[in-house]
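S.K.:
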Amino acid sequence: MQGFFSNTGAVLRREAGRIVRQPMYWLLTVVLPLTAFCFFALLLQKGVARDIPVAVLDQDNTSLSRKVVQMIDATPTARVAYGVQSMDEAERLMREGRVMGIVLIPSFFEKEILSNRQTHIETYLTGTNITVNGLLSKDLQTAVTTFSGGIQLQLLTKQGLTEKQAMAQLMPVRFDKHVLFNPYINYGYYLSPSFMPMMLLIFTIMATIFAIGTELKRSTAREWLDTARGSIFAAFAGKILPITTIMFLISEIMLLIVFKVVGVPLNGSLTVITLSNLLFILSYQSIGTMIVTVLSNLRLSLSIGGGYSVLAFTFSGLTFPIMAMSRPMQWFSNIFPFTFYTDIIVDQAMRGAPVLYSLHDMGMLLLFVILPLLCLPHLRTICTDKKYWGRL
């Protein structure tokens, strides 16, 4: 055991010198991750989409129709950016991407209401952005429903009903909605704890592949193994520990940005999240090690590692729920540590779930950490066999 620590220390000293001499290490482990974190913090600063431009075609142009326009403009999401004179003009604005929705108020709108006859308001949404479509649809419907309710309330009170009686007749069943863990529907709370770890995993796997792959590319793999006195375990530990340490510290800065700068609530255990950060980093280092060991080619390993990293977000359940995927895709999502890490973040940060609920996900992350044990014998082979050296 003492020999193992001594050999690992020798590799660590060698690796420290390599890190100092190669700026790419600092670019992958410090500069780019911090830049990405700051970028997403600024991108999601508002948290909620506001003032999405819409065009209004008011064919009635009466006091009641103008009131509807004012109510639409007063909603948090919609902003009446254009008052158009025809549907052709409104359609042109939508095709140009200058508006995301069109509201059509028909002729005789006020006359129909005052005659106690049913009328309608038409809305047209692009539908190209699901988030924008949902927000606009909800706020436009709320504005029109509120306006319609106000008209009905006035008619009922004129018939002699009290305001309370009129409201009971208008809404015999009241619907109460309670959003428990993100009451403001803040997209910063939802996306920051996913985008930032996504950047962390990409640079972790890239840095690991680069660290091992350059030994092959520069034909220094035998020297690396000899520094550990032939112990592949000591050579591997000394190689990845500096990256592990740096990326773990970067992950703590990430948490600081997420919880203090973006303001994501922390309702659960910070200790569990911190420990999960370490397991998350180790798991992607393990995957990076496996990729570069199996392929034994730096350029190809970086390409495969990048592709694998990007797929993680797709199968995390953040864009499309895992429970709604087909059964094979649900199984496939388990090959990404990011899936389990995301569950931990949601449980501990947003839901405030008991620690017990996160133990399964932490256990799954731990399974990924043991991957290098399966490929270390082959790693020793490529360190000693010259046919693997000099590969790009």
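Here the sequence shown stands for residues 36 to 427, where the numbers follow this note's numbering.
Beta carbons are placed, not taken as given, at the ideal position from N, Cα and C, and that holds for glycine.
1. Entirely within the segment 318 to 402 and at least 4 residues each: give me those alpha helix (DSSP H) ranges in chain order.
2. What are the partner residues of ASP93, as DSSP defines its beta bridges?
3. What residues match up with PRO88 in a beta bridge as DSSP calls it?
4. In the DSSP assignment, find the alpha helix (DSSP H) that holds LEU128 and state where it starts and stops.
5. Taking the beta strand (DSSP E) that LEU160 falls in, what are its first and last residues?
6. Would you say the segment 36 to 56 touches the segment 255 to 270, given that touching needs at least three Cβ pairs under 8 Å?
7. Give me, in chain order, the residues of the same chain whose beta-carbon lies closer than 6 Å to that of LYS421; leave out the 5 immediate sequence neighbours on both sides.
8. Using a 10 Å radius around the Cβ and a threshold of 16 neighbouring Cβ atoms, would you call TRP259 buried or exposed?
9. From the DSSP output, in three-state form, read off ASP261 for me.
10. Do ILE326 and ILE244 have their C-beta atoms within less than 8 Å of each other?
11. Can you give me the Cβ contacts of LEU170 inside the same chain, cut-off strictly under 8 Å, excluding the 5 residues immediately before and after it?
12. Give the secondary structure of LYS146 by DSSP, where H, G and I count as helix, E and B as strand, and everything else as coil.
13. Please report the residue range of the alpha helix (DSSP H) in which PRO68 lies.
14. Touching or not, the segment 161 to 169 and the segment 143 to 152, by the rule of three or more beta carbon pairs under 8 Å?
15. For GLU50, count the other beta carbons within 10 Å of its own beta carbon; 16 or more makes it buried, fewer makes it exposed. Which is it?
16. Is it the case that the segment 401 to 411 contacts the segment 307 to 324, given that we only count it when at least three CB pairs across the two stretches are under 8 Å?
17. So, using beta-carbon positions, are GLY303 and GLY398 closer together than 8 Å?
18. Give the single residue among TYR392, VAL297, PHE355, THR328 whose Cα lies nearest to the Cα of MET231.
19. Give me the Cα-Cα distance between ASN312 and THR181, rounded to the nearest whole angstrom.
20. With contact counted as at least three CB pairs below 8 Å, one residue from each stretch, are the segment 363 to 381 and the segment 337 to 348 in contact?
21. Who are the Cβ neighbours of GLY118 in its own chain at under 6 Å, not counting the five residues just before and after it?
22. Kindly indicate the opening and closing residues of the alpha helix (DSSP H) around ARG101.
23. Return the CA-CA distance between MET233 and GLY340, expressed in angstroms with no decimal places.
24. Check VAL46 in the structure and name its three-state DSSP category.
25. Hey, could you find the ends of the alpha helix (DSSP H) ARG415 is sitting in?
26. Which residue wins for smallest C-alpha separation from LEU305, given the options ALA384, ILE148, ARG415, GLN120?
27. Using the Cβ count rule (16 or more neighbours within 10 Å means buried), how would you classify LEU391?
28. Express the C-alpha separation of GLY136 and ILE107 in angstroms, rounding to a whole number.
M.R.: In brief:
1. 333 to 349, 362 to 367, 372 to 380
2. ILE140
3. ARG114
4. 122 to 130
5. 157 to 160
6. yes
7. none
8. buried
9. helix
10. yes
11. ALA84, ILE87, THR112
12. helix
13. 67 to 78
14. no
15. buried
16. yes
17. no
18. VAL297
19. 47 Å
20. yes
21. VAL91
22. 98 to 108
23. 13 Å
24. helix
25. 406 to 419
26. ALA384
27. exposed
28. 12 Å
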